[in-house]
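Presented below is the structure to which this report refers.
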Amino acid sequence: MSDITSQSLTSLVKNIKEKKLSSEDVTKAFVIRSEKSNELNSYISEDFSNALNKAIKFDEKPNLDLKLPGIPMAVKDLFCTKNTRTTAGSKILEYFVPTYESTVTQNLWDEGAILLGKLNCDEFAMGSSNETSFYGNVQNPVDKGLVPGGSSGGSAAAVSGQLTPITIGTDTGGSIRQPASFTGTVGLKPTYGSCSRYGIVAFASSLDQAGPMAQNVEDCALLLEVISSYDIKDSTSIDFKRNQYSKELTKNIKGKKIGIPKEYRVDGMPKEIEELWQKGIDYAKDCGAEIVDISLPHTSYALPTYYIVAPAEASSNLARYDGVKYGFRARGENLIDMYEKTRSEGFGAEVQRRIMIGTYVLSSGYYDAYYLKAQKVRKLIKNDFDEAYKKVDAILTPSTPSSAFKIGEKKGDPVSMYLNDIFTVPVNLAGLPAISIPAGHDVAGYPLGLQIIGKAFKEQEILNFAYAMEDKINFKRKIKDWWIK
Amino acid sequence: MSIDLKTIKHISRLSRISVDELKAEKLASDLNSIFDFIEKLNELNTDKVEPLTSVAETTLKLRTDEVKSNNIREQIIKNSPEDNKDFFVVPKVVE
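Chains E and Y, in that order, give the protein sequences.
For the first sequence, numbering that gives the first Met the number 0 assigns the number 0 to the initial residue and increments by one for each residue that follows.
For the second sequence, numbering that gives the first Met the number 0 assigns the number 0 to the initial residue and increments by one for each residue that follows.
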């Protein structure tokens, strides 16, 4: 039997079901590898001994009908886990222990999964490099000194470095797809309303979605099947018929129409991204898909719109961190002084910046000029997709405008950092599903990803497309275990 | 547009985040470059466009308001920073 930690989720599930492996074998293997991987700084909190106990307990009376039977996994530290510390990458929640479980993680445990620990992320999911985390930056397993992307950077690094077979992240503007692209893994952002937001530390409520991250498309489909559910506890959860994504997965995409949006050919895009995209178009043709040129005319307005809408919602969501009910409190001379010092010391620079942008665009005299304006442009961006989807079934673009960059390279310049999300942000604004799959390497050998955007609720369609493309691309992750101690 | 130090102080007050002079200057410079970038939206005429408030085109569902979690007061209070018993303790508000 091949090394346990290099197996896909699908293969682990099969081996457990056929009793070739026990949950304890699998859990132990991932715990040992995780313990040797401190240099990646993927974990904020480890829960290894509990995980081993749960695995032993599972093996005593294994329920092999479950979808994730005794499968160990770590999750982004943005999901509230009952009685396990949840920090959102922030100092302000350093000692926060939730009294309830997020719906998405509950769905995992109900299907037999076992929590390994909580994974590092940008503070309150605000960042594209995992450098804004209070718990330190994460190393990309691809190469030392390279960011894993963000905000689900710890999650992407943990899957890529095989510290966990699968994980879940959250995506507000690209936070699953961009790190998946940077680490050579697969990440899917579902349609808004597909996965419950209940129990996820809120960033921008009209954009946030949880989603699966995995080594391949098949694993991603199985994980989505488990986490996607209608939930009465989330008022924006949508009651639609969800597919059996892994069972209905097919490589047959013959005759499907794939749109290529000309506006994604941005100024200064590296030649290798251009070439990757062209390669993707050729693969799609090989799979029997029909290529259609389309236009999404308001693409260049998506990032400015996002940087009004997301901070505005964040400033409101983060108002609850006032030093009264959760973890960190700074001393103050009076109540207001306590609030101001708590938030000044408890939040990092990027979070403070975004709260202040959000407060400004919502403040008296500026609301119409900024927030209302952004909501109107958001409508135009959504209309662009609605028009395009009259002609095509899915849209193919690069996931990111570049491969992973060096730690520290973009830290001082917020706007240059924001430009990373240029291809992913429009999808969140329109509430659509999209998947990033690894599709090649740049000259340095760093992975590059392609993004497939679908119609609302058509996750099955983009998974099928990705599944067919994955077969043609035949991507090989070049990871050398340089961090293993 | 330019955001000056006075505006930064005003926003910081509204945000309940204290800033000293050094931080205010850094924030002014960051926010100015971000707002320069945001100004691009003014190229578009949106007079006749309806604002999009939610992509989920469903009406909110009503449900019965029921108590589902009982006797968790102690657990919840435990997350607060002061050593509280029955209430959240804050600095003195009324003289």
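For glycine and all other residues, C-beta sits at the position ideal for the given N, C-alpha and C.
Tell me, please, which residues DSSP counts as bridged to residue i.
| i | result |
| --- | --- |
| A318 of chain E | Paired residues: none, contrary to the question. |
| F78 of chain E | E:I199 |
| S53 of chain Y | Answer is none; S53 of chain Y lacks a bridge partner. |
| E45 of chain E | E:G116 |
| M72 of chain E | E:L114 |
| I451 of chain E | E:L395, E:I434 |
| L145 of chain E | E:K405 |
| L187 of chain E | E:I434 |
| H440 of chain E | E:P446 |
Reducing DSSP to helix, strand and coil, say where residue i ends up.
| i | result |
| --- | --- |
| P303 of chain E | helix |
| S362 of chain E | coil |
| M125 of chain E | coil |
| A87 of chain E | coil |
| V424 of chain E | helix |
| I478 of chain E | coil |
| K16 of chain E | helix |
| V88 of chain Y | coil |
| I167 of chain E | strand |
| V414 of chain E | helix |
| Q6 of chain E | coil |
| P310 of chain E | helix |
| S33 of chain E | helix |
| D64 of chain E | coil |
| S1 of chain Y | coil |
| A54 of chain E | helix |
| T249 of chain E | coil |
| L162 of chain E | coil |
| E81 of chain Y | coil |
| A329 of chain E | coil |
| E38 of chain E | helix |
| I356 of chain E | helix |
| I231 of chain E | coil |
| T26 of chain E | helix |
| E94 of chain Y | coil |
| L11 of chain E | helix |
| Y282 of chain E | helix |
Just checking my contact of residue i with residue j at CB under 8 Å: how many whole Å lie between their CB atoms?
| i | j | result |
| --- | --- | --- |
| I257 of chain E | A288 of chain E | 5 Å |
| I167 of chain E | I226 of chain E | 6 Å |
| V26 of chain E | I113 of chain E | Looking at the sequence provided, one finds Thr at residue 26 of chain E rather than Val. That pair is a contact at about 6 Å. |
| T163 of chain E | K117 of chain E | So it is not a contact: roughly 11 Å between Cβ atoms. |
| V323 of chain E | F86 of chain Y | Wrong, their Cβ atoms sit about 11 Å apart, outside the cutoff. |
| L39 of chain E | V137 of chain E | 6 Å |
| I16 of chain Y | S101 of chain E | I16 of chain Y to S101 of chain E, Cβ: 28 Å. No contact. |
| A429 of chain E | K381 of chain E | 4 Å |
| L462 of chain E | L248 of chain E | 6 Å |
Could you pull the start and end residues of the beta strand (DSSP E) that residue i belongs to?
| i | result |
| --- | --- |
| D266 of chain E | Unbroken run through D266 of chain E: none, as it is neither H nor E. |
| I293 of chain E | 289-293 |
| A209 of chain E | 208-213 |
| I257 of chain E | 256-260 |
Could you give the residue range of the alpha helix (DSSP H) that holds residue i?
| i | result |
| --- | --- |
| H9 of chain Y | 4-14 |
| S99 of chain Y | Lying before the first or after the last residue shown, residue 99 of chain Y is absent from chain Y, which here runs from 0 to 94. |
| G152 of chain E | 152-159 |
| I461 of chain E | 458-472 |
| A387 of chain E | 372-387 |
| R176 of chain E | 176-182 |
| E344 of chain E | 334-345 |
| R72 of chain Y | 72-77 |
| A220 of chain E | 216-226 |
| T63 of chain Y | Unbroken run through T63 of chain Y: none, as it is neither H nor E. |
| V103 of chain E | 102-109 |
Less than 6 Å between the CB of residue i and some heavy atom of the ligand MG, yes or no?
| i | result |
| --- | --- |
| L223 of chain E | The model depicted lacks the ligand MG and carries no ligand whatsoever. |
Exercise. At a Cβ cut of 8 Å, what residues of the segment 49-61 of chain Y count as close to chain E, listed as they run along the chain?
Worked result: Correct list: E49, P50, L51, T52, S53, V54, A55, T57, L59, K60.
Exercise. In the segment 175-189 of chain E, which residues sit with their C-beta less than 7 Å from some C-beta in chain Y, listed in chain order?
Worked result: none
Exercise. Taking a cut of 9 Å between CB atoms, which residues from the segment 101-131 of chain E lie near chain Y?
Worked result: Residues: none.
Problem set entry | Positions along the segment 422-437 of chain E whose CB lies within less than 7 Å of some CB in chain Y | A429, G430
Exercise. Looking at chain Y, which residues of the segment 325-343 of chain E have a Cβ within less than 7 Å of any of its Cβ atoms?
Worked result: Y325, G326, F327, R328, G331, N333, L334, M337, Y338, E339, K340, R342, S343
Exercise. Relative to chain Y, which residues along the segment 350-364 of chain E have a C-beta separation below 7 Å, given in chain order?
Worked result: Q351, R352, I354, M355, I356, T358, Y359, S362
Exercise. What residues in the segment 377-390 of chain E bring their beta carbon closer than 8 Å to a beta carbon of chain Y?
Worked result: R377, K378, L379, K381
For this session: Could you list the residues in the segment 16-27 of chain E with a C-beta less than 7 Å from some C-beta on chain Y, going in chain order?
Result: none
For this session: May I ask you to list, following chain order, the residues of the segment 21-36 of chain Y that have a beta carbon less than 9 Å from some beta carbon of chain E?
Result: K22, K25, L26, D29, L30, S32, I33, F34, D35, F36
Exercise. What residues from the segment 223-250 of chain E come within 7 Å of chain Y, judged by C-beta to C-beta, listed N to C?
Worked result: I231, S234, T235, I237
Problem set entry | Positions along the segment 451-464 of chain E whose CB lies within less than 7 Å of some CB in chain Y | none
Exercise. What residues from the segment 73-93 of chain Y come within 8 Å of chain E, judged by C-beta to C-beta, listed N to C?
Worked result: Hits within the stretch, in order: Q74, I75, K77, N78, S79, P80, E81, F87, V89, P90, K91, V92.
Exercise. Using Cβ-Cβ distances below 8 Å, what residues of the segment 54-87 of chain E are close to chain Y?
Worked result: Going along the segment 54-87 of chain E in chain order, one finds no residue with a Cβ nearer than 8 Å to chain Y.
For this session: Give, in chain order, every residue of the segment 263-282 of chain E whose Cβ lies closer than 8 Å to some Cβ of chain Y.
Result: none
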